[in-house]
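This report refers to the structure that appears directly beneath it.
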Amino acid sequence: MKNILYKISALAFSFLILGSSTASAQAAADSGMSPATTLYILAGFVAFTAILVLYVSVVILRLLRFIVREEAAKQAGLAGEPVVEEESWWSKFVDKANDVVPIEEEETIMLDHNYDGIRELDNHLPPWWKWTFYLSIVFAVVYMVSYHVIGNMPLQIDEYNKEVAIAQEAALQRAANAPLANIDESNVEMATDPADLAKGKQVFMNSCAQCHKEQGEGGIGPNLTDDYWLHGGSISEVFVTIKNGVPEKGMISWEPVLSPTQMQNVASYIMTLRGTNPPNAKAPQGELYTPESVNVEEEVQPADSLQLSQVN
0 MKNILYKISA
10 LAFSFLILGS
20 STASAQAAAD
30 SGMSPATTLY
40 ILAGFVAFTA
50 ILVLYVSVVI
60 LRLLRFIVRE
70 EAAKQAGLAG
80 EPVVEEESWW
90 SKFVDKANDV
100 VPIEEEETIM
110 LDHNYDGIRE
120 LDNHLPPWWK
130 WTFYLSIVFA
140 VVYMVSYHVI
150 GNMPLQIDEY
160 NKEVAIAQEA
170 ALQRAANAPL
180 ANIDESNVEM
190 ATDPADLAKG
200 KQVFMNSCAQ
210 CHKEQGEGGI
220 GPNLTDDYWL
230 HGGSISEVFV
240 TIKNGVPEKG
250 MISWEPVLSP
260 TQMQNVASYI
270 MTLRGTNPPN
280 AKAPQGELYT
290 PESVNVEEEV
300 QPADSLQLSQ
310 VN
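Written out as C-alpha cells, the structure is:
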C-alpha cells in the first residue's frame with residue numbers, strides 16, 4: 000500500500016509538471032518563436048502527455064489489482080482458506096526471458112567447482128541476450144548488403160558529396176538571383192556605410208565569434224584586433240580567408256553559406272576591429288601587416304565608435 004501511495008504522490012507531481020508544461024507551450028506559441036522551435040516544444044509536450052497518460056493507467060491498474068487482492072485475502076481469511084498469490088504476467092515474462100532456474104531446483108545445475116565454499120551454477124545465457132545477438136548479426140548482414148553490396152543506401156562520403164553539391168548549387172543560384180552582388184577578391188572594397196557594417200557585425204556575432212570571441216580578441220582562432228595576420232590583413236586577403244576558409248586549422252569555407260555582399264560586410268567589420276585593444280586579447284600570430292598607403296578620407300573608425308544601433 001505504501002508503494003501505491005508513493006505512485007499517487009508521483010502522479011500528483013506529474014500533473015503539476017503537466018500544468019507548467021501546458022503554460023510553457025502556450026507561452027511559446029504566443030511569444031513569436033520560430034515555427035520549428037514552437038513545433039519542438041509542442042512535440043515534447045505531446046510526448047510528455049502521452050507518457051503521463053500511460054503512467055496514470057499503470058497506477059490505476061495496480062491500485063485496482065491491490066484492492067482486488069486485498070478483498071480476496073479478506074474473503075479467504077473469513078473462509079479459513081490459504082491465500083494463493085498468483086504470479087503476475089510480468090514476473091512470468093522476466094523468468095522466461097532470463098531462463099531462470101527456480102532456487103529449489105538449483106541443485107540440478109550445480110557444478111563441482113568449489114572456491115572457498117562458493118559454488119558455481121551452470122546457467123545458460125538468457126534468451127533475451129541470445130536473441131539480441133542474433134538480431135545484431137541480421138542487422139550487420141542487412142547493413143553490409145545495403146551499403147556495400149547493392150549500394151541502395153548512401154555511404155557517409157556520398158552523403159557529404161551530395162550536401163556539397165547542393166550547397167554549391169545554392170551558391171550559384173544565389174549569385175544568379177543577385178547579379179549586383181557579384182563581388183570577389185579582385186574587386187572587393189571596404190564598406191564604410193554604418194548599415195553595411197552593422198550587417199557585418201551581425202554575421203560576425205552569428206558565425207565568427209565562437210572562435211574569435213565577440214570583440215575579436217581571439218580564442219580558438221587568432222586575434223583580429225592587432226596588426227599581425229596569418230593570411231594577410233588587407234580587405235581582399237581577409238575576404239579570401241572568409242571565402243575559402245582554412246580547412247587545416249578548422250575554419251570552413253563560408254562561400255556556400257554567405258553571399259558575396261555578406262562576406263564583404265563581415266570582412267569590412269573585421270577591419271574596423273584593428274587597434275581596439277580589447278581585454279584578454281590573444282598573443283599576436285603571423286606576420287606584421289603594414290598597409291602600403293592609407294587614404295585619410297577612407298580611414299575607418301574603430302568598431303567601438305560605430306553607431307550600430309541596428310544590431311543592438
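For what it's worth, numbering that gives the first Met the number 0 labels the leading residue of the sequence shown as 0, then goes sequentially.
A virtual CB, placed ideally from N, CA and C, is assigned to each residue, including glycine.
These figures come from a predicted structure and were not determined experimentally.
Item, Value
"Backbone secondary structure at Ile102 - three-state DSSP", "helix"
"Three-state secondary structure assigned by DSSP to Gln300", "Model confidence at Gln300 stands at a pLDDT of 49, short of 50, so the residue's coordinates are unreliable and nothing is read from them."
"Buried versus exposed call for Pro267 [16 or more other C-beta atoms within 10 Å across all chains shown]", "Before going further, note that residue 267 is Ser rather than Pro in the sequence given. The residue is buried, with at least 16 neighbouring Cβ atoms inside 10 Å."
"Sheet register partners of Met250 (DSSP bridge)", "Val245"
"Meets three-Cβ-pair contact criterion under 8 Å: the stretch 275 to 292 and the stretch 226 to 235", "yes"
"Residue range of the unbroken alpha helix (DSSP H) whose run includes Ile269", "259 to 271"
"Other residues of its chain near Ser185: CB distance less than 7 Å, five sequence neighbours each side excluded", "none"
"Beta carbon of Val187 nearer than 8 Å to that of Val265", "no"
"Residues near Ala27 in its chain [Cβ-Cβ closer than 6 Å; skip 5 each side]", "With a pLDDT of only 49 at Ala27, under the threshold of 50, the placement of this residue in the model should not be trusted, and no figure is reported."
"Through-space distance from Val55 to Val67, alpha-carbon basis", "18 Å"
"Tyr114 to Trp88 span [Cα, whole Å]", "37 Å"
"Per DSSP, the bridge partner or partners of Arg68", "DSSP, once it has assigned bridges, lists no residue as partnering Arg68."
"Length of the line joining the Cα atoms of Phe238 and Met262", "6 Å"
"C-alpha distance - Phe132 paired with Glu162, whole-angstrom precision", "35 Å"
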